[in-house]
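**Q** Residue numbers (our numbering), protein chains in the order written: chain G, 37 to 191; chain E, 37 to 191; chain U, 37 to 191.
(1) Please check if any C-beta of chain U sits within less than 8 Å of the C-beta of residue 157(E).
(2) What do you reckon, is the C-beta of residue 122(E) under 7 Å from a heavy atom of the ligand FAD?
(3) Using alpha carbons as the reference points, say which of 148(G), 165(G), 152(G), 164(G) lies closest to residue 158(G).
(4) Could you tell me whether the Cβ atoms of residue 124(E) and residue 108(E) are closer together than 8 Å?
(5) Give the single residue among 170(G), 65(G), 84(G) whose Cα lies nearest to the Cα of residue 135(G).
(6) With a threshold of 8 Å, are at least 3 pairs of Cβ atoms found where one atom belongs to the stretch 59-70 of chain E and the other to the stretch 110-123 of chain E?
(7) Work out the CA separation of residue 90(U) and residue 186(U) for me, nearest whole Å.
(8) So which residues on chain G does residue 51(E) lean against when the C-beta distance must stay under 7 Å?
(9) Looking at chain G, is there any beta carbon in it that lies within less than 8 Å of the beta carbon of residue 189(E)?
(10) To the nearest angstrom, how far is the alpha carbon of residue 69(G) from that of residue 114(G)?
(11) Cutting at 7 Å between CB atoms, please list the residues of its own chain near residue 106(E), excluding the five before and the five after it.
(12) With 16 as the cutoff for other CB atoms within 10 Å, does residue 85(E) come out buried or exposed?
(13) Excluding the five sequence neighbours on either side, which residues of its own chain have a C-beta within less than 7 Å of the C-beta of residue 132(G), listed in chain order?
(14) Could you give the distance in angstroms between the alpha-carbon of residue 52(E) and the alpha-carbon of residue 52(U)?
(15) Going by beta-carbon coordinates alone, are residue 98(E) and residue 80(E) separated by less than 8 Å?
(16) Please name the residue or residues paired with residue 143(E) in a DSSP beta bridge.
(17) In this structure, does DSSP put residue 107(U) in helix, strand or coil?
(18) So, with DSSP's three-state summary, where would you put residue 57(E)?
(19) Can you list the residues of chain U that residue 127(G) reaches, using a CB-CB cut of under 8 Å?
(20) Contact defined as beta carbons within less than 8 Å: I believe residue 178(E) pairs with residue 129(E). What is the distance between those atoms, to the nearest angstrom?
(21) Return the first residue and the last residue of the beta strand (DSSP E) that residue 154(G) is part of.
(22) Just how far apart, CA to CA, sit residue 180(E) and residue 102(U)?
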């Protein structure tokens, strides 16, 4: 089933880090969709920047990021308790010379209301991240240092 | 294009198994969406458990799982022949000490009716699996030993 | 966190190429969704075939493929400027004896109109590709040699 062209090529660094990034994002959105504000914020660097909406100030630091999640939960979610699910897809990972990873991907938010099987879908977004990579007992540990979200309907 | 931080880190076991799990799920849903009931059931272990809906008995064993697929095909699909597509995303893979893999992921079902380009979408689900991993001629072979599906609108 | 069953299995060739295919598709759709017609066409081989719709002639070669993207942009997009996003998922990669990769995956097109957060979604498609793999300074370089798209509502 394998072919010479595939097996003779050295495994690129990308193949080692790409699935890690996918797993990292899955864990990150699980915290977000479960309103685990502290845990979500801890997936950013201490000085992490979350530029989540044009026209508003970016969130800077874990406290601000956690606060935004809690604020959403206490206002919009309290008034309209939907189950949010963040889907990321079409991921590109670009290792940088300084050891960080720049990533680009599409994102989509799904909102499910109790009793309604069809989720409300949107917005569709384009996201750019800078991730830091540190060695933790031989495992790469990823953190988001910078995130910029651009919603397709606002561009 | 590669960076010291990325290339110096040893390739973790996760990077080897994560794409395998993605490929496994793609093959599994292809069988399901094509009503290949026996082939779909064969992606579960002999004693596989499919807890697909709260309030109903879990399906146990391949015969029961295949029977559920055929039952769906002969009733709901026969009455309303849609093309179903199961989408999984935001996958986390957790290797366990006993050699199995626990996974968590989001799932979404799309239904396309003949002549209608826009699919009906839903439900949105959260799924937990236990996968077994066996060596088959040097290739890891995956099977679903346990699956629990929770639909977001029923939680 | 790792298990004997996982770490003792040799890393299969699939684990090295699968993330590369995902990254390749992400870059390819980014060109398509950004109307970078030449760059999109350059992700196909010189003699690449794009069988994008039953009942129409397949596009053959980069010029024809780029022309189709520009044609879409100048007519449908000019009349109705939506942001398209192509999502691929549930990818299977099958290395072939001749060194190419056959792939199968689901695809979904999302269209976002300015000011409207909810995208229009569809059609849902099933896609089969043949990708060529060449060595480029030790990195596998992928190109689409053949693509067949089947829209679920037209089958």
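Ideal Cβ positions, reconstructed from N, Cα and C, are used throughout, including at glycine. Please read these numbers as outputs of a predicted model, since none were measured by experiment.
**A** To lay it out plainly:
(1) yes
(2) As far as ligands go, the structure on display features none, and thus does not contain the ligand FAD.
(3) 148(G)
(4) no
(5) 170(G)
(6) yes
(7) 7 Å
(8) 51, 52, 55, 56
(9) Residue-level contact by beta carbon holds for residue 189(E) and chain G, with a gap shorter than 8 Å.
(10) 14 Å
(11) Non-local C-beta neighbours of residue 106(E) in its own chain, meaning closer than 7 Å and more than five positions away in sequence, comprise 73, ordered along the chain.
(12) buried
(13) 138
(14) 8 Å
(15) yes
(16) Looking at the DSSP assignment, residue 143(E) forms a beta bridge with 124(E), 161(E).
(17) It is helical.
(18) helix
(19) 58, 59, 62
(20) Not quite, the Cβ-Cβ distance comes to about 10 Å (not below 8 Å), so this is no contact.
(21) If you look at residue 154(G), you'll find it isn't in any beta strand (DSSP E); DSSP assigns it neither H nor E.
(22) 43 Å
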